[in-house]
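Visitor:
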Amino acid sequence: MNTKPYVIGLDLGGTNSEFGIVDQNAHIVASTRVKTAGHGDINQYVDDCVAALQPIIEEVGGIEKIHAMGIGAPNGNYYTGCIEFAPNLPWKGNLPLAQMFSDRLGIPVRLTNDANAAAMGEMAYGAAKGMQNFIMITLGTGVGSGIVVNGQMVLGCDGMAGELGHVIVEKGGRQCGCGRKGCLETYCSATGVVRTAREILEKTDKQTLLRDIPLDKIESKDVAIAAGKGDEVAKSIFEETGRILGEACADFTAFSSPEAFVFFGGLTKAGDLIMDPIKRAYDENVLQCFKGKAKFLVSELDGAGAAVLGASALGWEAK
Numbered sequence: 017m018n019t020k021p022y023v024i025g026l027d028l029g030g031t032n033s034e035f036g037i038v039d040q041n042a043h044i045v046a047s048t049r050v051k052t053a054g055h056g057d058i059n060q061y062v063d064d065c066v067a068a069l070q071p072i073i074e075e076v077g078g079i080e081k082i083h084a085m086g087i088g089a090p091n092g093n094y095y096t097g098c099i100e101f102a103p104n105l106p107w108k109g110n111l112p113l114a115q116m117f118s119d120r121l122g123i124p125v126r127l128t129n130d131a132n133a134a135a136m137g138e139m140a141y142g143a144a145k146g147m148q149n150f151i152m153i154t155l156g157t158g159v160g161s162g163i164v165v166n167g168q169m170v171l172g173c174d175g176m177a178g179e180l181g182h183v184i185v186e187k188g189g190r191q192c193g194c195g196r197k198g199c200l201e202t203y204c205s206a207t208g209v210v211r212t213a214r215e216i217l218e219k220t221d222k223q224t225l226l227r228d229i230p231l232d233k234i235e236s237k238d239v240a241i242a243a244g245k246g247d248e249v250a251k252s253i254f255e256e257t258g259r260i261l262g263e264a265c266a267d268f269t270a271f272s273s274p275e276a277f278v279f280f281g282g283l284t285k286a287g288d289l290i291m292d293p294i295k296r297a298y299d300e301n302v303l304q305c306f307k308g309k310a311k312f313l314v315s316e317l318d319g320a321g322a323a324v325l326g327a328s329a330l331g332w333e334a335k
């Protein structure tokens with residue numbers, strides 16, 4: 017049992033950074049948020065985060081009550097504590113973020129990939145509790161993944177394994193922020209759904225409720241709302257998105273045979289509109305020996321909860 021009763025968890029997203037102070041029973045007892053977008057300078061970002069943390073740290077009795085901090089971040093490397101060349105963040109290059117927070121707060125800080133953190137949260141507290149083999153897929157600005165095999169996160173030789181969002185699903189397809197073309201992320205993220213919608217509106221004259229929204233203002237939730245109202249174009253966008261993702265999951269099963277796929281992030285709010293085509297395409301494409309084995313689950317943890325709790329679990333590991 018740790019003598020210091022709290023850890024800090026940070027879910028660092030492309031738009032917002034969500035902080036939670038977490039107790040040993042996995043309760044988020046205090047939280048705050050800082051905008052990630054717009055922070056062009058990484059040092060200013062860390063300073064602003066530390067300033068936002070001070071009031072909630074005081075709320076729980078000061079920094080002497082905090083055991084450590086855990087961070088889940090895009091392209092976060094568990095081994096080095098660095099964010100390495102993240103395409104969806106405002107800062108470029110190789111950034112020693114764990115060390116930067118540790119220097120300012122005076123506590124140990126551990127860092128991992130954001131989808132790995134979400135997977136850890138789900139395995140400890142959510143839909144994957146008790147599972148030894150599963151794949152977490154995060155559907156947000158990008159597509160992230162955390163792969164658990166035999167109860168352990170797959171990290172690879174360099175800490176960067178498990179980037180399933182950057183598997184190519186369409187040769188010579190859409191340009192991705194990572195520099196490649198045709199990545200899963202460019203079709204099956206919230207951003208990908210918007211790209212599909214814009215392509216249909218620009219290249220066809222199909223009637224759809226989406227034409228009531230300026231082209232540059234369409235968001236994935238607008239597509240979900242239109243689909244929920246029975247709009248055929250919007251429904252077809254989710255059908256196509258789900259097909260691509262289901263086929264990709266059938267491929268992923270071939271190498272790790274997961275008990276479940278757990279989906280997390282904004283796009284999951286579309287419910288059956290996205291989940292039904294995922295399952296259908298998976299069943300049509302998965303190898304016969306894997307048919308009927310994997311469950312398809314949506315995260316049981318609210319909002320940033322899975323990633324904050326997963327990141328906090330990293331904090332408890334810190335010595």
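First residue of the sequence shown: 17, per the numbering used here; consecutive thereafter. Positions of the beta carbon are idealized from the N, C-alpha and C atoms, including for glycine. Keep in mind it's a predicted model, so treat the numbers as computed, not measured.
1. Among Asn32, Thr220, Leu127, which has the Cα closest to the Cα of Met176?
2. Helix, strand or coil for Arg296? Go by DSSP, reduced to three states.
3. So Tyr203 is in the alpha helix (DSSP H); what residue range does that whole segment cover?
4. Going straight from the alpha carbon of Lys245 to that of Leu317, what length do you get?
5. Is there contact here, the segment 203-212 with the segment 158-170, by at least three beta-carbon pairs under 8 Å?
6. Leu171: which of Phe101, Gly92, Pro230 sits nearest, CA to CA?
7. What residue range does the beta strand (DSSP E) around Gly162 cover?
8. Do Phe254 and Ile290 have their C-beta atoms within less than 8 Å of each other?
9. How long is the line joining the alpha carbons of Glu14 and Leu113, rounded to whole angstroms?
10. Does DSSP put Tyr65 in a helix, a strand or coil?
11. Using DSSP bridges, identify the partner residues of Ala46.
12. Touch check for the segment 224-237 and the segment 117-135: three-plus C-beta pairs under 8 Å?
13. Whose CA, out of Ser272, Glu75, Gly25, Val50, lies closest to the CA of Cys305?
14. Determine the burial state of Thr19: buried for a count of at least 16 other Cβ atoms within 10 Å of its Cβ, exposed for fewer.
15. Please go through the same chain and pick out, in chain order, the residues whose beta-carbon is closer than 6 Å to the beta-carbon of Ala329, but skip the five residues on each side of it.
16. Considering only DSSP beta bridges, list what Leu303 is partnered with.
17. For Gly29, which of Asn59, Glu275, Asn41, Val324 has the nearest alpha-carbon?
18. Measure the C-alpha to C-alpha separation of Met85 and Ile163 and round it to an integer number of angstroms.
19. Using a Cβ-Cβ cut-off of 7 Å (strictly less than) and excluding sequence neighbours within five positions of Ile82, which residues of its own chain qualify?
20. Within a Cβ cutoff of 6 Å, which residues of the same chain sit near Gly258, ignoring the five residues on either side of it in sequence?
21. Tell me which residue opens and which closes the beta strand (DSSP E) that Arg126 is part of.
22. On the three-state DSSP scale, how would you describe Gly59?
23. Would a C-beta distance cut-off of 8 Å place Cys194 and Pro71 closer than the cut-off?
24. Just checking my contact of Leu69 with Thr48 at CB under 8 Å: how many whole Å lie between their CB atoms?
25. In terms of residues, what are the limits of the beta strand (DSSP E) holding Thr284?
26. Look at the alpha carbon of Gly88 and the alpha carbon of Thr269, and state the distance between them as a whole number of angstroms.
27. Could you tell me which of Gln148, Ala213, Asp299 sits nearest to Ala264, measuring between CA atoms?
28. Count the other CB atoms within 10 Å of the CB of Glu75; is the residue buried (16 or more) or exposed (fewer)?
29. Can you grab the Cα-Cα spacing for the pair Leu105 / Ile44, in whole Å?
Guide: Taking the definition as stated:
1. Ranked by Cα distance from Met176, the first of Asn32, Thr220, Leu127 is Leu127.
2. Correct three-state label for Arg296: helix.
3. Residues 201-204.
4. Cα-Cα distance, rounded: 27 Å.
5. The segment 203-212 makes contact with the segment 158-170, as at least three CB pairs between them are under 8 Å.
6. Selected option, being the one with the closest Cα: Gly92.
7. For Gly162, the uninterrupted beta strand (DSSP E) segment begins and ends at 159-165.
8. Yes, the pair counts as a contact, with Cβ atoms nearer than the cut-off.
9. Not covered by the structure: residue 14. The range shown for the chain is 17 to 335.
10. First, the amino acid is wrong: residue 65 is Cys here, not Tyr. If DSSP states are grouped into helix, strand and coil, Cys65 belongs with the helices.
11. Paired residues: Ile37.
12. No, they do not touch.
13. Nearest option by C-alpha distance: Ser272.
14. Label assigned to Thr19: exposed.
15. Cβ within range, chain order: Met136, Ala140.
16. Note: Leu303 is not bridge-paired with any residue in the DSSP secondary-structure output.
17. Ranking the options by Cα distance to Gly29, first place goes to Val324.
18. When rounded, the distance between both Cα atoms is 22 Å.
19. Taken in chain order, the residues that qualify are Lys20, Tyr22, Val23, Ile24, Ile73, Ile123.
20. Spatial neighbours of Gly258 in its own chain (CB-CB distance under 6 Å, excluding positions within 5 residues in sequence) are listed in chain order as Ile290, Pro293, Ile294.
21. Start and end: 125-129.
22. In the sequence under discussion, the amino acid at residue 59 is Asn, which differs from the Gly named in the question. Helix, per DSSP.
23. No.
24. By a beta-carbon distance limit of 8 Å, Leu69 contacts Thr48. Their separation comes to about 7 Å.
25. From DSSP, Thr284 is part of no beta strand (DSSP E); its letter is neither H nor E.
26. It is roughly 25 Å from the alpha-carbon of Gly88 to the alpha-carbon of Thr269.
27. For the set Gln148, Ala213, Asp299, the Cα lying nearest the Cα of Ala264 is the one of Asp299.
28. Exposed, since its Cβ has fewer than 16 Cβ neighbours within 10 Å.
29. In this structure, the CA atom of Leu105 is about 26 Å from the CA atom of Ile44.
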